[in-house]
Structures are given as C-alpha cells and as structure tokens.
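For the sequence shown, our numbering assigns the number 2 to the initial residue and increments by one for each residue that follows.
Below you'll find the structure, written out as structure tokens, and then a few comments.
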Amino acid sequence: MLKVVGIVGSPRSEGNTEFMVRTTLDKISENGIETELITLHDKNIQYCSGCDGCKKTNKCVIDDDMQELTEKVKEADGIIMSSPVYFGDMTGLAKTFIDRLRPLRNIHAFKYKVCGAISTGGFRNGGQETTIHSIYDFFLIQGGIVVGDDRPTAHYGATGVGNTKEDDIALATCNHLASRMVDVLKKINNV
Ligand SMILES: Cc1cc2nc3c(=O)[nH]c(=O)nc-3n(C[C@H](O)[C@H](O)[C@H](O)COP(=O)(O)O)c2cc1C
C-alpha cells in the first residue's frame with residue numbers, strides 16, 4: 002500500500018498548520034493511501050553539526066529522534082512538508098528537521114517520492130509562498146518530484162491565513178494538493 006507522511010513544522014500543538022496537514026492527509030487516505038501525521042514540536046531533534054559523517058556512512062552520528070523519523074521519511078512514497086511562516090520563511094524547527102535529512106540525499110531516497118508543501122501565516126501575503134519556496138528547495142535538492150495544488154486553484158501548494166479552520170481557500174488548496182499528490186502517486190506507481 003502506498004503511504005504519505007505529513008510533517009508538521011510548527012512548534013505549536015494542534016495549530017493552524019497541523020489542521021491543514023491533517024485535512025490534506027484525510028483527503029489522501031480517502032483514496033486508499035495510508036497516511037501518517039508527524040509533529041516535530043514533541044521530538045528531540047538536534048542541529049546538524051556539519052561533521053560530514055553521513056557522507057561516508059549514510060547515517061547521522063547524532064542519536065536522537067531523527068534516527069526514527071529519517072526511516073519513516075525514507076520508507077514513504079509521498080511527503081508533505083509544512084511550516085507556519087516565521088519572518089517570511091519556515092520555522093527553525095522545520096529547517097533543523099530538513100537539515101538532518103541529509104543522509105537521505107546520498108542514497109537519492111527522494112527519487113520517486115511525490116512531494117507537496119503547506120504553509121500558513123497570520124496575514125495574507127505574509128510569506129506563505131516564500132516559505133513554500135524554501136520547502137521546494139529542500140525537495141529539489143533531495144531529488145524529489147514536486148507537485149503543487151491541483152486545478153482549479155493550481156498554484157503553490159496549500160496556503161492559509163489566520164485560523165485555518167475558518168479559511169475556506171486554505172481548505173480548498175489542501176484538498177487540491179491531496180488530489181494532485183494522489184494522481185501522481187498512482188500514475189508513477191501503476192496503481
Ligand atoms: C516568530 C513568529 C514570526 C512570524 N512571522 C510571520 C510572518 O512573517 N508572516 C505571517 O504572515 N505570519 C507570521 N507569524 C504568524 C504565524 O505564521 C501564524 O500565527 C500561524 O498561523 C502559526 O501557525 P501554527 O498555529 O501552526 O503555529 C509569525 C509568528 C511567530 C511566532
């Protein structure tokens with residue numbers, strides 16, 4: 002069975018980002034795809050120390066929750082990375098998580114992964130697209146297959162403003178990101 006993992010890069014529990022990721026995963030699971038939501042705020046994730054050990058061993062020398070999280074990302078067929086906007090970009094927590102996934106780059110683990118992004122901010126035009134752009138940089142450098150949200154919205158993935166439970170456009174983009182990911186996942190996996 003295909004599986005999509007959704008990563009919540011907010012330091013807040015049950016916040017606006019988490020709601021959008023949950024909405025997107027729920028829609029994906031309606032299409033016969035297994036899903037798992039992973040929050041980062043409750044994990045022990047240390048900074049990459051830049052030791053380059055992973056270049057030799059394909060493993061990180063730091064023994065924390067990233068060992069298990071890296072395996073979950075490695076095994077998934079699709080990845081959703083999300084973050085609220087913090088000063089026009091992703092949170093430090095999300096970036097720390099991304100940096101620690103460097104061992105997967107050496108083995109091109111993202112080669113056939115379908116990758117989508119979600120971002121939400123306090124204001125319209127608050128940096129949702131620049132945050133998503135940073136997430137796309139990560140996906141592209143990992144060698145993943147990046148998709149946005151499906152028609153009729155069809156732009157930069159899923160974006161929200163304010164309380165996302167009451168943001169109809171955010172929910173539409175979540176649903177359309179889900180349908181685009183399902184479409185590409187099924188196509189490339191011959192399902
Ligand atoms: C340190 C900090 C910086 C922020 N910077 C921005 C920003 O640049 N643009 C914006 O629209 N919202 C900004 N916000 C607001 C959050 O993106 C917003 O409250 C979001 O809904 C939080 O998502 P969460 O509930 O998933 O944590 C910032 C919030 C914090 C705490």
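Just so you know, even glycine gets a beta-carbon here, dropped at the ideal spot from N, CA and C.
Because the structure is a prediction, the values reported are computed rather than measured.
Cβ-based burial, His177 [other Cβ within 10 Å; buried from 16]
Start at 1 with the first residue of the sequence shown, and residue 177 comes out as number 176. Buried, because 16 or more other Cβ atoms sit within 10 Å of the Cβ of His177.
In chain order, what residues of the same chain have a beta carbon less than 7 Å from the beta carbon of Lys114, not counting five sequence neighbours either side?
The count along the sequence shown starts at 1 and reaches residue 114 at position 113. Around Lys114: Ala77, Asp78, Gly79, Ile80, Gly145 and Ile146.
Are the segment 10-19 and the segment 89-103 in contact at 8 Å, needing three or more beta carbon pairs?
Taking 8 Å as the limit for Cβ pairs, the verdict is that the segment 89-103 does touch the segment 10-19.
Nearest-angstrom Cα separation, counted from Ile29 out to Leu172:
The count along the sequence shown starts at 1 and reaches residue 172 at position 171. The count along the sequence shown starts at 1 and reaches residue 29 at position 28. Approximately 13 Å, taken between the alpha carbons.
Coarse secondary structure for Val183, derived from DSSP in three states:
Here residue 183 refers to the residue found at position 182 of the sequence shown. If DSSP states are grouped into helix, strand and coil, Val183 belongs with the helices.
Could you name the residues that DSSP lists as bridge partners for Lys4?
Counting from one through the sequence shown, the residue named residue 4 turns up at place 3. Glu35, per the DSSP bridge assignment.
Within a Cβ cutoff of 6 Å, which residues of the same chain sit near Thr40, ignoring the five residues on either side of it in sequence?
Taking the sequence shown and counting its residues from 1, one reaches residue 40 at position 39. Apart from the 5 residues on each side of it in sequence, Thr40 sits with its Cβ closer than 6 Å to the Cβ of Val9 in its chain, given in chain order.
Check the C-beta distance from Gly149 over to His156 and give it rounded, since I have them as a contact under 8 Å.
Residue mapping note: residue 149 aligns to position 148 of the sequence shown, counting from 1. Residue mapping note: residue 156 aligns to position 155 of the sequence shown, counting from 1. So it is a contact: roughly 6 Å between Cβ atoms.
Between Val22 and the rest of its own chain, which residues show a CB-CB distance below 7 Å, the 5 nearest in sequence each way excluded?
By one-based count along the sequence shown, residue 22 stands at place 21. Within the same chain, Val22 has close Cβ partners Gly7, Val9, Leu38, Ile81, Ser83 and Ile119.
Locate the alpha helix (DSSP H) running through Ile136, then write down its first and last residues.
In the sequence shown, the residue the question calls residue 136 occupies position 135. In the DSSP assignment, Ile136 falls within the unbroken alpha helix (DSSP H) covering Gln129 to Gln143.
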